[in-house]
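Residue numbers (our numbering): 12 to 413. Take a look at the structure below.
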């Protein structure tokens, strides 16, 4: 933990994140890894289809940023999916390559054929799914799981046991399953999966402590964002010892998406002080790539990635946007490969006009004309219900000064 709340010219977050009264209540693990599932769970976003070349490009960019684990897909889905995983595994990336698997030996064989380092073995445990969708008991889940977990580990794969919909499991079902698995087929780690994104941070912390106490295993946390809490619940899991967080770039995923990789990175790095080494300045490149191949645009105010995050329309404090951005933002725009921007509209002030004139190298404007230009800018912003383009601003200036 090499960081603090403030580093000159790079970030300035809340100092209360780092005071002893806060930190001493946390049980942070020494390090946290990101397991990114963009190529599998991200592609499960309705309407999203990644080609083999798309997947290779995304995996390469994830590796460049420093993601520790890439879930490259599920070989059983199709032959092209298997071929993509095989090629990604052959690239010699620093990131470990995982596949997603059912509790079936043939899925483990496919992971091995694809050259994967590890496998995520999914089984249901949420009570609504057991009762209605599958008609199983926890004993059925265990019987289907035990030999497959052992088979994966015997063949050198890192085995993540992934009882999904964990947060809607009956306590006795989850406890019985965990204890049975630990007795006969202990995996390398176990996932707590908030498939419906419906658990609070407090509930997730309880479950991490509980499952870790039952199994003694490293805990992986996988959440969805149905209640807008995917990132919050994963970071909450880290505060009580979860060692791996699952993510999707740009927050892709079924329904409302998975915990967003880029938000987790900044949270771990700046809010909790992990010296992750992630190339945060490369995040826009990944975001643009994923947005392009998924055909899903990034919202203007999307945390970390939104193109409006470092834009200032209000005239108050306009001088700091470029000269001392940490007065106006929690991070310097350059930290995540961005630049600050001053725009004009309804909320602009005289300082905004003067700044924009300088930025566009417009001379010959008298002091008494600044107020008139500002009035016209505000009027245009109101009628347009948006910010002005540079061309629209220059047109206003020309009409007043000529």
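Beta carbons: idealized from backbone N, C-alpha and C, even for Gly. No experiment lies behind these values; they were computed from the predicted model shown.
Burial state of residue i (16 or more Cβ within 10 Å)
i: residue 174; result: buried
i: residue 108; result: buried
i: residue 396; result: exposed
i: residue 347; result: buried
i: residue 19; result: exposed
i: residue 176; result: buried
i: residue 72; result: buried
i: residue 256; result: buried
i: residue 343; result: buried
i: residue 349; result: buried
i: residue 375; result: exposed
i: residue 404; result: buried
i: residue 184; result: buried
i: residue 53; result: buried
i: residue 236; result: buried
i: residue 36; result: exposed
i: residue 386; result: exposed
i: residue 15; result: exposed
Range covered by the beta strand (DSSP E) that runs through residue i
i: residue 205; result: 200-205
i: residue 231; result: 230-234
i: residue 388; result: Per DSSP, residue 388 belongs to no beta strand (DSSP E); it is in the alpha helix (DSSP H), 378-395.
i: residue 350; result: Note, residue 350: premise wrong, no beta strand (DSSP E); not H, not E.
For residue i, the residue or residues it bridges with in DSSP
i: residue 47; result: 81, 258
i: residue 18; result: 22
i: residue 175; result: 135
i: residue 271; result: 259
i: residue 322; result: 352
i: residue 130; result: 110, 170
i: residue 342; result: 22
Distance between residue j and residue i (C-alpha atoms, nearest Å)
i: residue 199; j: residue 172; result: 8 Å
i: residue 398; j: residue 313; result: 18 Å
i: residue 39; j: residue 246; result: 10 Å
i: residue 120; j: residue 132; result: 13 Å
i: residue 305; j: residue 267; result: 15 Å
i: residue 13; j: residue 286; result: Here residue 13 scores only 49 on pLDDT, less than 50, and its place in the model should not be relied on; the value that follows carries that caveat. Cα to Cα, the separation comes out at about 6 Å.
i: residue 50; j: residue 85; result: 9 Å
i: residue 234; j: residue 270; result: 6 Å
i: residue 290; j: residue 181; result: 41 Å
i: residue 111; j: residue 272; result: 18 Å
i: residue 252; j: residue 390; result: 54 Å
i: residue 280; j: residue 44; result: 12 Å
i: residue 400; j: residue 204; result: 45 Å
i: residue 33; j: residue 250; result: 11 Å
i: residue 159; j: residue 179; result: 24 Å
i: residue 369; j: residue 383; result: 17 Å
i: residue 139; j: residue 153; result: 17 Å
i: residue 129; j: residue 351; result: 41 Å
i: residue 219; j: residue 331; result: 43 Å
i: residue 80; j: residue 296; result: 19 Å
i: residue 147; j: residue 155; result: 11 Å
i: residue 406; j: residue 371; result: 13 Å
i: residue 239; j: residue 217; result: 20 Å
i: residue 143; j: residue 201; result: 24 Å
i: residue 9; j: residue 278; result: Residue 9 is absent from the model: the chain starts at 12 and stops at 413.
i: residue 378; j: residue 206; result: 60 Å
i: residue 83; j: residue 197; result: 24 Å
i: residue 149; j: residue 232; result: 21 Å
Residue range of the unbroken alpha helix (DSSP H) whose run includes residue i
i: residue 113; result: From DSSP, residue 113 is part of no alpha helix (DSSP H) but of the beta strand (DSSP E) over 107-113.
i: residue 189; result: 182-195
i: residue 241; result: 241-249
i: residue 369; result: 361-370
i: residue 154; result: 149-165
i: residue 144; result: Here residue 144 belongs to no alpha helix (DSSP H), and DSSP marks it neither H nor E.
i: residue 293; result: Per DSSP, residue 293 belongs to no alpha helix (DSSP H) and is neither H nor E.
i: residue 67; result: 63-76
i: residue 100; result: 90-100
i: residue 54; result: Neither: residue 54 is in no alpha helix (DSSP H) and is coded neither H nor E.
i: residue 329; result: 329-334
i: residue 280; result: From DSSP, residue 280 is part of no alpha helix (DSSP H); its letter is neither H nor E.
i: residue 403; result: 401-412
i: residue 216; result: 212-226
i: residue 124; result: 116-124
**OP:** Count the C-beta pairs between the stretch 217-227 and the stretch 181-189 that are closer than 8 Å, then say yes if the count reaches three, no if not.
**Re:** yes
Subject >> contact_flag[the stretch 133-143, the stretch 86-103] where n(CB pairs < 8 Å) is 3 or more >> reply: no
Original post:
Touch check for the stretch 256-264 and the stretch 335-342: three-plus C-beta pairs under 8 Å?
Top reply: no
Original post:
How about the stretch 209-220 and the stretch 236-255: do they share at least three Cβ pairs that are nearer than 8 Å?
Top reply: yes
**OP:** Evaluate the contact criterion for the stretch 48-62 versus the stretch 18-29: three or more CB pairs, one atom per stretch, below 8 Å.
**Re:** no
Original post:
Three or more C-beta pairs closer than 8 Å, one from the stretch 356-368 and one from the stretch 320-332: is that the case here?
Top reply: yes
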